[in-house]
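Reading through the structure tokens given below for one structure.
Residue numbers (my numbering): 78 to 337.
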């Protein structure tokens, strides 16, 4: 395993060149460039804030940053998974010519999504401080290990999605459908209090993705550390996903190129 991690590290410049290529290709000839990646979450936040304020009378000063943080995370999660579905097919020419570890191709998807997430996170911090004021900054350093955890989780889910789509071509459509369902089962666009008032608090209590969300929202929105339960749940979920992805990739890596 140590040798495998060393082989991944030795290809880091190749990996970063792939990520740079993806970004350049995506925003080629675009006037706003990477700014387009911020317009979508900001626009969605404005629309949903207006709707929820009209329907439920939510406080926009509190709900706006809450919503934008959730949308930013969800964009990272979905981009990692859905881009990961195609990562081996996109990398087929490289895999046939360059003996790099297969793990770098799902990492390409996860790190590319993380680039956009970091920009969105900067907007979340700015919006929170403008609308709510600067709270306890001592909790913000917890975001660093959270970001590392998110990269590991994103790589794990991208790897599992990629392997599933490689062996079962219809997997991407099923994964896309499942992601849409999970979006509404996770407190992305609505506060947990709304669910509790309607007897649906169990959707948050038993949804492990909600724990990862708390790792992001608690230090930014409330200036406090996430709960111990959220930390342990996020660690267990990420550890399980990483272990399963690593095991599955190790088993099929040598035969993977023949499935493409």
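Think of the CB as a built atom: it goes at the ideal place given N, C-alpha and C, for glycine as much as any other residue. Predicted model only: the values in this text are computed from it and were never measured.
Range of the contiguous alpha helix (DSSP H) that encloses residue i
| i | result |
| --- | --- |
| residue 106 | Where residue 106 is concerned, there is no enclosing alpha helix (DSSP H), given that its DSSP letter is neither H nor E. |
| residue 314 | 305-333 |
| residue 83 | 79-87 |
Cβ neighbour criterion (16 or more within 10 Å) applied to residue i
| i | result |
| --- | --- |
| residue 255 | exposed |
| residue 135 | buried |
| residue 267 | buried |
| residue 242 | buried |
| residue 279 | exposed |
| residue 270 | exposed |
| residue 194 | buried |
| residue 183 | buried |
| residue 147 | buried |
| residue 80 | exposed |
| residue 82 | exposed |
| residue 153 | buried |
| residue 140 | buried |
| residue 258 | exposed |
| residue 324 | exposed |
| residue 131 | exposed |
| residue 321 | exposed |
| residue 237 | buried |
| residue 158 | buried |
| residue 305 | exposed |
Pairwise C-alpha distance: residue j and residue i
| i | j | result |
| --- | --- | --- |
| residue 301 | residue 314 | 22 Å |
| residue 189 | residue 133 | 36 Å |
| residue 228 | residue 117 | 22 Å |
| residue 273 | residue 218 | 30 Å |
| residue 296 | residue 85 | 32 Å |
| residue 221 | residue 156 | 21 Å |
| residue 330 | residue 226 | 24 Å |
| residue 309 | residue 326 | 25 Å |
| residue 235 | residue 162 | 7 Å |
| residue 144 | residue 264 | 9 Å |
| residue 47 | residue 311 | In the structure as shown, the chain starts at 78 and stops at 337, and residue 47 therefore has no counterpart that could be examined. |
| residue 174 | residue 318 | 29 Å |
| residue 186 | residue 207 | 32 Å |
| residue 299 | residue 214 | 10 Å |
| residue 292 | residue 281 | 14 Å |
| residue 137 | residue 181 | 41 Å |
| residue 90 | residue 113 | 26 Å |
| residue 338 | residue 336 | Since the displayed the chain opens at 78 and closes at 337, residue 338 lies outside it and no answer follows. |
| residue 230 | residue 334 | 24 Å |
| residue 191 | residue 248 | 23 Å |
| residue 121 | residue 277 | 24 Å |
| residue 104 | residue 94 | 16 Å |
| residue 224 | residue 166 | 27 Å |
| residue 168 | residue 200 | 32 Å |
| residue 245 | residue 232 | 20 Å |
| residue 251 | residue 151 | 18 Å |
Heavy atom of the ligand PLP within 8 Å of residue i beta-carbon
| i | result |
| --- | --- |
| residue 257 | Absence of the ligand PLP is noted for the structure shown, with no ligands found whatsoever. |
Next on the checklist: List, from N- to C-terminal side, the alpha helix (DSSP H) runs of 4 residues or more that fit wholly inside the segment 94-181.
Outcome noted: 113-133, 137-162, 164-167 and 169-174
Next on the checklist: Ignoring anything shorter than 3 residues, give me the beta strand (DSSP E) runs that lie fully in the segment 179-257, in order along the chain.
Outcome noted: none
Item to check | Contiguous alpha helix (DSSP H) assignments of at least 4 residues, all confined to the segment 259-305 | outcome: 269-274, 279-282 and 285-294
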